[in-house]
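The structure appears below as structure tokens.
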Amino acid sequence: MDLAALERCIAEARPERVPFVLITVTNNSGGGQPVSMANLQGARAVCDRFGVPLLLDAARFAENAYFIKLREPAWADKTPREIARAMFALSDGAMMSMKKDAFGNIGGVISINSDGWAEKVRTALILTEGFITYGGLAGRDLEALAIGIDEILDEEYLKYRIASTAYVGHHLAAAGVPLLKPIGGHAVYLNGRKFCDHIPDEQLPGWALSVALYESIGVRACEIGNVMFGTQDATTGVWTWPALDLVRLAIPRRTYTQSHMDYVVEGIIELYGHRREIRGLRFARRPAVLPHFTATFEQV
Ligand SMILES: Cc1ncc(COP(=O)(O)O)c(C=O)c1O
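Shown next as structure tokens:
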């Protein structure tokens, strides 16, 4: 979180109009990078100054905690569990997709340190998902989540997890494949614009790369770049593109073996050798809201 920008943003919007500040740990749209404890403490202080609640999107809280242990000397001797507790203690609540750092197939949690908000969430839950004891989930899924959220904090597992993501990233980088560094926790982020430097922004290089990955080696990736964040001026028609046009290679937990990762690395390096054959795309249909979920494309 850019603390100066946060402060400016709350002041300009007026604090009474800001229902909460949300920090995503780790940052899924910013390269899978962790949020430091120092930064969380800074955000807490800004929120306190304005009287605005601070919430965490905690989908990858354990990976974030492990990165804090690796990178912040003051936390080096703490366990991921202790660090996670300290992270949550800085917040007024958290929402979590349990499909990430709880190993779940389905499910999520909202926890809020406010009786008033909790009451509203419970009511909405009953209306939309199911009664508060199960929230629309099957009992077996609830049990899996209860075990998963505990197991994820095993330090040996987290070490393996972060190392296996880094393994993919470092091998790709060693072969000259352009990607975001440092390597993220749950994913390696290819630099679509540099990978496809023959494709102009208007032809969506990152998305074109994700299509080429699927066509050539059957690997499903996700663009986090021009399609997701590009905006077009309604009057001039001029596009503004985001600073980075990334392609996320997210690695599901406890799913793949070393051989799978080697296959991905070899396939991407081979594709990089043929990158000039990747063709640009144009929108066939672009919905005004959240275009990356339902837009369709055709090759140029
Ligand atoms: C950080 C983060 N928050 C929330 C979500 C949404 O999760 P769900 O699909 O469980 O609603 C995702 C990804 O799906 C995510 O990466």
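If you count the sequence shown from 1, position 221 lands on 256 in this note's numbering, and the numbers rise without skipping.
Even for Gly, the Cβ is constructed at its ideal location relative to N, Cα and C.
The structure presented is a predicted model; accordingly, all values stated were derived computationally and were not measured.
- Proximity of the beta carbon of Lys-229 to ligand 1 is not indicated: no heavy atom of the ligand is located closer than 7 Å.
- Environment of ligand 1, chain-ordered: Thr-59, Asn-63, Asp-92, Ala-94, Ser-132, Lys-134 and Gly-143, taking every residue with Cβ within less than 6 Å of a heavy atom.
- For Phe-102, same chain residues with a beta-carbon under 6 Å away, outside a window of 5 residues either side, are Pro-69 in chain order.
- Apart from sequence neighbours up to five positions away, the residues of its chain that approach Gly-128 with a beta-carbon distance below 6 Å are Leu-90, Ser-146, Ile-147 and Asn-148, ordered along the chain.
- With contacts defined by Cβ atoms closer than 8 Å, Leu-316 and Tyr-224 do not form a contacting pair.
- For Tyr-101, the secondary structure class from DSSP, reduced to helix, strand or coil, is helix.
- Under the Cβ criterion (8 Å, minimum of three pairs), the segment 181-188 does not count as touching the segment 231-250.
- Per DSSP, Asp-127 has no beta-bridge partner at all.
- Under DSSP, Glu-333 takes part in a beta bridge, and its partners are Arg-317.
- Annotation for Gly-241: the continuous alpha helix (DSSP H) segment containing it runs 240-252.
- Cβ-Cβ distances below 7 Å link Leu-180 to Met-133, Ala-137, Gly-139 and Gly-142 in the same chain, with the five nearest sequence neighbours on each side left out; the list follows chain order.
- Shortest Cα-Cα distance from Arg-116 to any of Ile-184, Leu-162, Leu-57 and Met-130 involves Ile-184.
- Distances from the CA of Leu-284 to each of Glu-258, Ala-40 and His-205 were compared; the closest alpha carbon is that of Glu-258.
- Boundaries of the beta strand (DSSP E) harbouring Arg-283: 281-285, taken from the DSSP string.
- DSSP places Val-144 in the uninterrupted beta strand (DSSP E) bounded by 143-147.
- Taken through DSSP and simplified to helix, strand or coil, Asp-37 comes out as coil.
- Assignment of Thr-59 by DSSP, reduced to helix, strand and coil, places it in the strand class.
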